[in-house]
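Residue numbers (my numbering), protein chains in the order written: chain C, 5 to 170; chain E, 27 to 1004; chain V, 2 to 86.
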């Protein structure tokens, strides 16, 4: 009996790294574009196909489908942003694995030391933690978790996940 | 062969017989057996030979405390040094004893018994000193050692295709042990809705209840166990594991659980790493032995073990028993044996008088009060017990084939002690019990010295009720037991002669401890190390307390003052595989790929790690080329026409903020803030002690935006360095750092015909030397892809570093190979890159930069800005150079014979003589431009020694070489600026 | 495996962090400090038997460089330089 879980490697999505004071970011980007800032650490706000993850002090990640990358790039104008905010397109930096199935919690626990139980890691939780020894962004998806790792570790993660699912 | 299995009873399944082999002979057991119970049922008594003296040994215990019978499992169960009492019997299992050859019955090593008197404690340390222990160690290990790691299985064995897993878990309450106390605690915590993790090392729940005949609520106790297990199974918030040993209690309530038989049949073992809010230690108590002459003979067994064999496994461990005890609990064991048809000849009780509480339990068995066992008849199997009064009077021998002994109960405080909880000696129990907890844990039941069933249930419930803040449940009634004890640390009656073992596994006797004390090893930790008492796989579970008692008696101090040795993980042996989990084969170490990795593999590139876990191509063998021919071909391509390499692994960081330029001026030795957007500059970063941290390139993207490129290997170190400075030293500086290492891949086209290739690719960037000179960059398109082209060079040739998003990298690479084909383009691996940089004298961290050199030694004084008042490392470099110490400086070496290759790292000594070295060779490569070996070296005062001949001292030769500039190609750098 | 309190993320496994060493005094002014003071600052690292103030980098988490007091005898993360308790 092996685990009732499976994984797939997702195509890249649009991702922008935002750093700076919240009000400075809003002022530059415009509140109407963003889904609103999450009020707590390691939580996300989603709206209109965009999600904004609060992943560090004065640090957010803005995600969307890859076909909205140009549109977002035009709206965020990273190279023109004022000195006090940093906006960097990092869509290629991470590769995401969608892990799902009845045993998904156990499979995640093979790679991740963080408590991902629903009481500790609710629906809107998102955080950088560790997955098979590497830095990874973890959040929930339907029936499982999306785990993003630095793109260069993608093949190794696939190797690890395949072994973990045996 | 006599079958000692009882006709009924026990926790075995008589409908499921299992065949197994032990030391080459076939036997049968049943499902539910351990290897030990199946051997006893088959009347195999001589099961082992001892570690040092090769004395015959049998089965002593019934669980992880077993000190004598260690086995090596073969074939698909392959595992070394398992206690036979913890091996769950499986069909087809093959095992053999570890310390004997060819069998425990005919053990050639047993001749060492003849010299036993010559091998006291510390013998090895005293004897095998000259000229060195290492000369003797292999032979001694062979003679005395335990089993080795499992070898590859024999060809006829089924393949060991299983795997291990290590997994994290989180619990509000971790309950260790599923005996009465643990089950009760888990029920209370589970009913309160807490996330409960219950782990127990036995194959089924019940703990000591499995071994005894007890009642709970007026019914057999195992009915209560079954109901409790069923209730726990119904709770989704409870994880309940059996055959799962909690073997380590680490800091911050982190515990390790080794699950030995996971449900997944292809999984060998699973190791849980549990972080617990609270820990309830219900680990029970372990019976200890008594110390009397020849207490290690096959057939001498712990009373509780014999009780377990008749009750749990329906095996009579003997036909006629003598029980030797200093406490009441052995009386219950004697009664159970009697009820199972074992003739109990006598109970020998050292207490005088024997308390009524004990006599009431004897049930007609003759009790010899104030008496002790002073010897054992029978060498390979017990034939009788020599008994006398404690003063030696009235000696007689009682015939028996089983000698049971009980020295009382020791709470299994191992995990509590591992958690750094303190222990205290309890006089009434004559044992150490938990005192002050150091972490969020509580000991209950036998583990806390609450030995009776009633108090186990009560303390288990109390602990869980307190933790969960819930009401105490009603506790069921139980049968009572008695544990009254008067300690007896060793038999010292006149007439008691022979070896009395304290640690049966490591062959440590009372005499050994006395010797250690005489020789000044007075601390219990020293006694342990000098005698090896308690250092076996069983970690002295049955014997340590007797060692402490022996020390106390000898020194005339209370046991509390002797104290215990430190308990350390593992509580029971654990496979390394389980600790590692899935980290096997390809994923033992992490690895990183670029989008070109598959392309490289498809072309037969030899891949290896080249820093920061990146797997990179070393070289691209073609046809029947030798390694050197391959490297030469790749080098010549770059020098003579064009080559391309994948520079993606270089670390890259985007810096943004008003203070970014000022910050870069602080971390680099040279001035960066004067760069204009579009310009880049090579720079050195130092640590505060003046040593070189990294070399890289800073690019100014805009007024407040910068891109810092680092060496592959030091990307993380540079990142940590920058963030630490920004967050701890300059928190009010406005600089944001974003890692973009994997947002930008790059292919670097280099060589005199690089411009041709760029033109063939097509670009909207003007690449003319006027518009895009050396150390400039421009954004635009290459081959239709959004790209940034950077004019840096790590080869000394005209180079275009084409940076694109990784999603385009593979396309870019293939188009470059296509567009470059007419120009003779070659992919270049790390080996050729190394040659090319050595020819140019470009430094490499780890070669020329070794933690002793500074920029001046490397001939790079120009990079140490004199205009900046301060930067990281400046003061330290100045301070160090103010001294008059001789410096080792970078030079080039040309071996006198152009075909002499010098090994990298070889020392330079004056005249090549056996004298202190004056430097070392940092790199040596075959130069394709000079058609000879060339080397870089760090040489004392090297800069002023150009033209001199120096000597490399090798093991059997010296190599003469001429000192020169550390550059062998295009010293003025005209080619890379072209 | 310690649990380290991150001011942004809360308690996290030690394996998410990189050790940054004991906290040293502020960097002296390199133009004002004597040679002795400079060398002392560079080379003397606090190494007490007991609470030590030290830095950790939450490198696999939010990236914060944080400071904790850890008792070197017990691994307990303690409040300030007070008794480990």
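Just so it is clear, CB atoms sit at the ideal spot from N, CA and C, and this is done for glycine as well.
None of these values were measured; they are calculated from a predicted model.
When DSSP assignments are scanned along the region 463-503 of chain E, the uninterrupted stretches of beta strand (DSSP E) that are 3 or more residues long and fall wholly within it turn out to be 467-469. Fully enclosed beta strand (DSSP E) runs of no fewer than 3 residues occupy 51-57 of the region 48-77 of chain E, in order along the chain.
Under a criterion of Cβ atoms nearer than 8 Å, the residues of chain C adjacent to residue 683(E) are, in order, 87, 88, 90. Rounded to whole angstroms, the gap between the alpha carbons of residue 461(E) and residue 310(E) is 16 Å. Across the region 601-618 of chain E, CB contacts with chain C closer than 8 Å involve 607, 608, 610, 612, 613, 616, 617, 618, in sequence order along the chain. Short of 7 Å from the beta carbon of residue 84(C), and not among the five residues preceding or following it, lies no beta carbon of its own chain. Ranking 809(E), 810(E), 793(E) by CA distance to the CA of residue 803(E) puts 793(E) first.
Inter-segment contact for the region 496-505 of chain E and the region 515-525 of chain E is absent: fewer than three beta-carbon pairs are separated by less than 8 Å.
Annotation: Cβ neighbours of residue 754(E) in chain V (cutoff 9 Å, chain order): 21, 24, 56, 66, 68. Excluding residues up to 5 positions away in sequence, 102 lie with their Cβ nearer than 6 Å to the Cβ of residue 12(C) in the same chain. With respect to the 8 Å criterion, residue 755(E) and residue 28(V) are classified as neighbours on the basis of their beta carbons. Residue 979(E) sits away from residue 948(E), with the two beta carbons spaced by 8 Å or more.
The three-state reading of DSSP puts residue 791(E) in coil, since its state is none of H, G, I, E or B. Put simply, the backbone Cα of residue 960(E) is about 57 Å away from that of residue 124(E).
Comparing alpha carbon positions, the residue from 340(E), 701(E), 240(E), 53(E) closest to residue 32(E) is 340(E).
Residue 270(E) sits away from residue 281(E), with the two beta carbons spaced by 8 Å or more. Shown here, residue 705(E) sits in a strand according to DSSP, grouped into three states. Put simply, the region 147-162 of chain C touches the region 90-101 of chain C. At least three CB pairs are less than 8 Å apart. If you check each beta-carbon in the region 894-912 of chain E against every beta-carbon of chain V, the ones closer than 8 Å belong to 895, 896, 900, 901, 902, 905. In this structure, the alpha-carbon of residue 733(E) lies about 9 Å from that of residue 682(E). For residue 134(C), the nearest beta carbon of chain V is closer than 8 Å to its own beta carbon.
Secondary structure remark: continuous beta strand (DSSP E) runs of at least 3 residues inside the region 865-953 of chain E, in chain order: 914-921, 945-953. Between residue 30(C) and chain V, the shortest Cβ-Cβ separation is not below 8 Å. DSSP places residue 12(C) in the uninterrupted beta strand (DSSP E) bounded by 10-13.
Taking residue 401(E) as the centre and dropping the five residues before and after it, the same chain places the C-beta of 318, 319, 320, 411, 412, 521, 522, 523, 524 closer than 8 Å to its C-beta, in chain order. Runs of the beta strand (DSSP E) lying entirely within the region 496-581 of chain E and spanning at least 3 residues, in chain order: 527-529. 46(E) is the residue among 46(E), 68(E), 71(E) whose C-alpha sits nearest the C-alpha of residue 121(E). For residue 99(C), the pairing in a beta bridge is given by DSSP as 153(C). Only residues of its own chain outside the window of five on either side were considered, and among them 437, 459, 460, 485 have a CB closer than 7 Å to the CB of residue 474(E), listed in chain order. Around residue 110(C), the beta-carbon contacts reaching into chain E at under 7 Å are 193. Within chain V, the residues 17, 60, 61, 62 have their CB atoms less than 9 Å from the CB of residue 139(C), given in chain order. In this structure, the beta-carbon distance from residue 644(E) to residue 855(E) falls below 8 Å. Non-local C-beta neighbours of residue 226(E) in its own chain, meaning closer than 6 Å and more than five positions away in sequence, comprise 203, 204, 268, ordered along the chain.
In the DSSP annotation of this structure, the continuous segment of the beta strand (DSSP E) that includes residue 764(E) starts and ends at 762-765. Within the DSSP secondary-structure output, residue 646(E) pairs in a beta bridge with 631(E).
Short of 7 Å from the beta carbon of residue 254(E), and not among the five residues preceding or following it, lie these beta carbons of its own chain, in chain order: 209, 213.
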